[in-house]
Structures are given as structure tokens and as C-alpha cells.
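**Q**
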Amino acid sequence: MNVHKNAKLTPAGRAVLVRRIEDGEPVGVVAREMGVSRRTVYKWLKRFREEGEAGLRDRSSRPHRHPHRIPRQQRRRIERLRRERWSGPRIADHLKMPISTVTLEVRRLGLNRLESLAPPEPVVRYERSRPGSLVHMDTKKLARIERPGHRIDGDRSKTVKGAGWEYYHAAVDDASRVAYGEVLPGERKEDAVAFLLRVVAFFERQGVKISQLMTDNGGCYRSKRFRRTLRELGIGHIFTRPYTPRTNGKVERFIRTSLTEWAYGRSYPHSRVRTRVLRVWLRYYNLRRRHTAIGRLTPMQRLVELRVTNVLGIYT
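Sequential numbering from 4 applies to the sequence shown in my numbering.
This is the structure in C-alpha cells:
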């Protein structure tokens, strides 16, 4: 229950008020000591005697009658036509009703936006069974740190003009959730290619060969140089659906965790310090941080488990 911040009585306070009156205390005394008017005392007393304890609960402010509301049959017609994607003016002309009435009813039905007319898309979850069969890659722009900012001390008046930006490049293995990341000065094709080569080397050190890479449609990932590098490495390339970041959800979630626990999770005196801490945090993430999505295992534990199951032929 949401109680107004200035409310004198809650249901428990009303019960105390009624009990004191029933015990024989004067109405004026009870009203004065509980900070309410005599009229309020009589109101709750009447409700209690008519309805019992249920009468002391808050009631909806919705009126019992709506004398000026359009008939139910008309409301159903408006809803049916709106679900057929008719516009408000068209519905009003067809039903010979004011546009304002139709607009109000459509808004009341929650159908005033086109996206509310489409059925919700089903949640599609997937997970590769072999490490390296799919690696997700993405970037995130980070504000460069010259000194602790408003995310830490909450003071937006002490801004640092011209500090600029740096870019967090991240990669996550779909099957094991083993992750790798770097902070680079840009997100150009040269930065993306150099990061890709280091990602491949990192996973090779873990005994994982990358077969496919998933990225968004950023220019650095669509460049000829990036595609040529992938061909030379023998890695297939998958693009996410445009304007649908959930397609690349694993790396999106990893970046969100990175921002919370590493990038903005503590105060850094300078960006250089934050970049150095990234290596320590990634080691913690891969070796010690447990994930609910993979059975409370760490990514490295999951990697070892998948190696064993693939060697034994449990997964095809």
C-alpha cells in the first residue's frame, strides 16, 4: 500500500482510533490526540460499524459511475478498429464520434502507440555447445577521467571540459562466457583489427579456436580491412539485426557488468589507473566471479567442463 507522506492515519492507526472510541473515550479527546478532525473520527467509526475491519482499509478513488463515458459497445468498436491499425481520426469519422473522445479512449486502452499493437516478440535464447564456435564482440564509449566525477561524488558542477572519450572493446565466448577486453583510444577499423588479433591470441592461449564472430553493424566491423583479417584467420562473420542489441546480448550484458563493477564501480584518479585495473578485474571475472546463467560456475570452470563434455562426445 502506498500511503501519502502527509497522511495522519494508516489502517493500523484507524483501528487504534476506533478502539479508543469503542472503549468509551470522548471523540474530541481522541481527535485532538491523534491529530485529526472530529469529522474524520466519525467517518472511520461509521465505516467500522458498517463493514468491520475491512472498512478501515483504503478504497480506490475510482468513481462507481461514469455518466459521461461512452457505452461499452462503442468502446469495443474503438478497440477493434484500433487493433486493425486504424488512426484516431479515421475511427472518429467511421463511428461519427469526436476525435477527442476516440483519442481519450485509445489512450485509456493503452493502444495510442503503434508498438503496443504488435504482439510481443518471443524471447529467443541460444547457447553454443563448443567453446570458440561463436564469440561476441562490441565496443562501449567511456568518458575519459581527469579526476573523480559526478558518478562518484554526485556533484555535477565540477565538470572537466575537454577530457574526451576512450573506447572499451570487449569479446565474450558464447559457450563458456570467458571474456577479454581492452581500453583503446578509438573505434576505427585499425583499432578493431588490432583488438581482434589480440582476442584470437587470448583464446588460443586458453586452447580455444574461434570459428565465428558476431558483431553489430558498426563501420569498423564492416570495413574491408576487418573482413579481410577475418578471412585470413578463417573466422566466419555474423552481423546482428539492425537496431536490435539483444541479438548480441551476451557481450551487451558483459559490458553492462563491466561498467557497474569496474569502469564506474569505484573512484579512479585518472583513466590510466582505470585501464590498469581492467586487467585485474578481467582475471577476477574469468576465474572467480560465478554466473547464474552457467550453473553458478566461473567462466574458466565452464570452459573446462565444456572441454571434457566435448572430448567425451556428449555434445555433437
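Every residue, glycine too, gets a C-beta built ideally from N, C-alpha and C.
Assuming Q215 contacts L309 under a Cβ cut-off of 8 Å, what Cβ separation, rounded to an integer in Å, is found between them?
**A** No, Q215 and L309 are not in contact; Cβ-Cβ is about 16 Å, not under 8 Å.
**Q** Where R35 and H67 are concerned, what is the direct C-alpha to C-alpha distance, given to the nearest angstrom?
**A** So the alpha carbons of these two residues sit roughly 33 Å apart.
**Q** Using only the alpha-carbon positions, how far apart do Y318 and R256 sit?
**A** In this predicted model, Y318 has a pLDDT of only 42, less than 50, meaning its place in the structure is not dependable; the value taken from the coordinates is given anyway. Taking the straight line joining both Cα atoms gives about 26 Å.
**Q** Once the 5 residues before and after Y183 are set aside, which same chain residues still bring their CB inside 6 Å of it?
**A** Closer than 6 Å at Cβ, skipping near neighbours: A174, V202 and F205.
**Q** Hey, would you say Y171 sits closer than 8 Å to I258, going by beta carbons?
**A** Going by C-beta atoms, Y171 is nearer than 8 Å to I258.
**Q** Which whole-angstrom value is the C-beta distance of S274 and I148, which I expect to be below 8 Å?
**A** Going by Cβ atoms, the distance from S274 to I148 rounds to 4 Å, so yes, they are a contact pair.
**Q** Using 8 Å as the Cβ pair cut-off and three pairs as the minimum, do the stretch 265-280 and the stretch 215-233 touch?
**A** These segments do not touch.
**Q** For N271, which residues of its own chain have a beta-carbon under 8 Å away from its beta-carbon, when the five flanking residues on both sides are left out?
**A** Going by the sequence as given, residue 271 is Tyr instead of Asn. Closer than 8 Å at Cβ, skipping near neighbours: I148, P151, R277 and V280.
**Q** Count the other CB atoms, across all protein chains shown, that sit within 10 Å of the CB of Y129; report buried if there are 16 or more and exposed otherwise.
**A** That one is exposed.
**Q** Count the other C-beta atoms from every protein chain shown that fall within 10 angstroms of the C-beta of K227, then say buried if there are 16 or more, exposed otherwise.
**A** By the 10 Å Cβ count, K227 comes out exposed.
**Q** With 16 as the cutoff for other CB atoms within 10 Å, does G91 come out buried or exposed?
**A** Looking at its Cβ environment, which holds 16 or more other Cβ atoms inside 10 Å, G91 is buried.
**Q** Measuring CA to CA, which of M303, R80, W284 and G58 is closest to K99?
**A** Measuring from the Cα of K99, the nearest candidate turns out to be R80.
**Q** Please work out which residues of its chain come closer than 8 Å, Cβ to Cβ, to L59, disregarding the five sequence neighbours upstream and downstream, and give them in chain order.
**A** Only P14, R17, A18, V21, W47, R50 and F51 meet the Cβ criterion.
**Q** Beta carbon of V32, beta carbon of R41: below 8 Å?
**A** No, Cβ-Cβ distance for V32 and R41 is not below 8 Å.
**Q** What residue does the beta strand (DSSP E) around L12 start on, and which one ends it?
**A** It is not in any beta strand (DSSP E) - L12 carries neither H nor E in the DSSP assignment.
**Q** With a threshold of 16 other CB atoms inside 10 Å of the CB of N289, please say whether the residue is buried or exposed.
**A** It is buried - the Cβ of N289 has at least 16 other Cβ atoms within 10 Å.
**Q** Rounding to the nearest angstrom, what Cα-Cα distance links N251 and Y224 in this structure?
**A** Taking the straight line from one Cα to the other gives about 14 Å.
**Q** Do you know offhand how far L145's Cα is from I213's?
**A** The alpha-carbon atoms of L145 and I213 are separated by roughly 27 Å.
**Q** Measuring CA to CA, which of P302, L262, V39 and M217 is closest to K143?
**A** Of P302, L262, V39 and M217, the residue nearest in Cα terms is L262.
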